[in-house]
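Enquirer: Below is a structure I'd like to ask you about.
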Amino acid sequence: MVRLPLSPAELERGRRLGALLRRARGERSILDVALDAGVSPETLRKIETGRIATPSFATIAAVASVVRLSLDALWDEVHPEADRVAPGRATHPVHEESPRR
Numbered sequence: 011m012v013r014l015p016l017s018p019a020e021l022e023r024g025r026r027l028g029a030l031l032r033r034a035r036g037e038r039s040i041l042d043v044a045l046d047a048g049v050s051p052e053t054l055r056k057i058e059t060g061r062i063a064t065p066s067f068a069t070i071a072a073v074a075s076v077v078r079l080s081l082d083a084l085w086d087e088v089h090p091e092a093d094r095v096a097p098g099r100a101t102h103p104v105h106e107e108s109p110r111r
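Here the sequence shown is numbered in the numbering used here, starting from 11 and rising by one per residue.
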């Protein structure tokens, strides 16, 4: 499967995510946080520098937990108001069945 290139918006969100995790890590070393989160230090380094702009949810959840960052706070920082979808609205078209005749 060929992976499509990331959009500029996705790259920017990746940079914001990395910067947020770096700030949340504070004085702790990459090694300590990575080991506690169960990821490699190189993976965490790449996320923090924006080289992995779309890490897996499990990876982000693990790192966020270790640095005591709620997923809600992470979402709010990484997705600015313009990126958000109103509650209850689908982010993609929903297939509706045609009425039966």
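Ideal placement from N, C-alpha and C gives every residue a C-beta, glycine not left out.
The model shown is predicted, which means the values in this text are computed figures rather than measured ones.
1) Over what stretch of residues does the alpha helix (DSSP H) that includes Pro65 continue unbroken?
2) If the criterion is Cβ atoms closer than 8 Å, does the pair Ala34 and Leu81 meet it?
3) Taking C-beta to C-beta, are Val49 and Thr64 nearer than 8 Å?
4) Look up Gly36 in the DSSP assignment and say whether it is helix, strand or coil.
5) Could you work out which residue in Glu87, Arg25, Asp46 is closest to Ile57 when comparing CA atoms only?
Expert: On the basis of the supplied data:
1) Position 55 of the sequence shown, counting from 1, holds the residue named residue 65. Looking at the DSSP string, Pro65 is not in any alpha helix (DSSP H), and its letter there is neither H nor E.
2) The residue labelled residue 34 in the question sits at position 24 within the sequence shown. The residue labelled residue 81 in the question sits at position 71 within the sequence shown. Contact flag unset, no.
3) Here residue 49 corresponds to residue number 39 of the sequence shown, with the count starting at 1. Here residue 64 corresponds to residue number 54 of the sequence shown, with the count starting at 1. Not a contact, by the Cβ cut-off of 8 Å.
4) To locate residue 36, count along the sequence shown from 1; it is residue 26. Coil.
5) Reading the sequence shown from its first residue, position 47 is the one you call residue 57. Of the candidates Glu87, Arg25, Asp46, the one whose C-alpha sits nearest the C-alpha of Ile57 is Arg25.
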